[in-house]
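See structure below.
Numbering (the working numbering), first residue to last: 488 to 707.
Here's what the structure looks like:
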């Protein structure tokens with residue numbers, strides 16, 4: 488199936504013009520709360536160990552309803568605490584459009600990545616001479632990445648574009664610690680194409696890593 492080019496449409500809707508939303512409580516997706524113990528997700532409730540497939544400690548649940556679609560949900564843990572929720576479904580053009588539209592209602596699109604490079608939309612908005620140049624570069628990047636069957640749309644929720652932010656990194660520096668991120672990934676070719684939606688709290692994860700690095704270690 489051919490893949491739609493939709494990022495430029497989001498830009499035309501003004502998704503990078505200072506939108507502000509209330510930051511949700513620390514729920515990654517629906518009622519899946521960040522840092523929930525792995526013990527909560529039992530076989531009796533339908534969860535199964537999918538760590539080998541995911542490549543990290545994970546529990547999966549099939550037939551999760553979202554956007555009028557059945558997804559497989561993968562709950563990924565760090566230190567037996569929930570840190571990431573990913574939704575997997577076969578690629579479908581209509582589903583792709585619904586997913587982009589749903590995320591755009593409360594999230595801001597901040598970057599695209601093709602596995603080899605990243606298009607920082609905050610930086611692009613600052614250096615583009617006009618809206619036409621911005622849209623053209625965005626559309627070209629998106630088209631090439633979709634043709635190569637590897638594209639990640641990165642969103643953040645509850646964000647206001649700060650004055651003086653020159654890129655996504657500087658923008659995130661001033662964001663709340665519990666700002667929620669969402670990655671919409673289109674990957675694969677033909678019947679193997681899939682849509683993956685990942686929900687995380689990137690700054691909370693980063694803070695955890697910093698705290699772990701500060702802990703004293705035994706002599707070696």
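Note that beta-carbon positions come from the ideal geometry of N, C-alpha and C, so glycine has one too. This structure is a prediction, so every number in the text was calculated from the model and none was measured.
Within the same chain, show all residues whose beta-carbon is closer than 8 Å to that of residue 666, passing over the 5 residues directly before and after it, in chain order. 510, 643, 644, 645, 646, 659, 688, 689 and 690
Hey, residue 578 and residue 680: beta-carbon distance below 8 Å or not? yes
For the beta strand (DSSP E) containing residue 711, list its first residue and its last residue. Past the edges of the chain, shown from 488 to 707, lies residue 711, and the structure says nothing about it.
Near residue 499, which residues of its chain fall below 6 Å by C-beta distance, leaving aside the five closest residues on each side in sequence? With a pLDDT of only 46 at residue 499, under 50, the local geometry of the prediction cannot be trusted, and the value read off the model is given with reservation. Excluding sequence neighbours, residue 499 sits near nothing in its chain.
So within the region 595–676, which uninterrupted alpha helix (DSSP H) runs reach at least 4 residues, ignoring any that extend past its ends? 608–614, 618–634 and 655–660
Report the residue from 549, 629 and 546 whose alpha carbon sits nearest the alpha carbon of residue 606. 629
Distance CB(residue 639)-CB(residue 672) smaller than 8 Å: yes
On the criterion of 16 or more Cβ atoms from any shown chain inside 10 Å, does residue 610 qualify as buried, or is it exposed? buried
Taking 8 Å as the threshold (C-beta atoms), are residue 637 and residue 711 in contact? The structure shown does not extend to residue 711, since the chain is modelled only from 488 through 707, so no value can be given for it.
Proximal residues to residue 677 (C-beta, below 7 Å), its chain only, five neighbours per side dropped: none
Check residue 549 in the structure and name its three-state DSSP category. strand
State the CB to CB distance for the pair residue 683 and residue 538, rounded to an integer number of angstroms; the pair is presumed to be in contact (CB under 8 Å). 17 Å between Cβ atoms; not a contact.
Specify, as a first and last residue, the run of the beta strand (DSSP E) that residue 680 falls within. Note, residue 680: premise wrong, no beta strand (DSSP E); not H, not E.
Residue of 543, 531, 490 and 553 minimising C-alpha distance to residue 518: 553
Using the C-alpha atoms, what's the distance from residue 651 back to residue 490? 35 Å
Residue from 524, 548 and 542 whose Cα sits closest to the Cα of residue 570: 524
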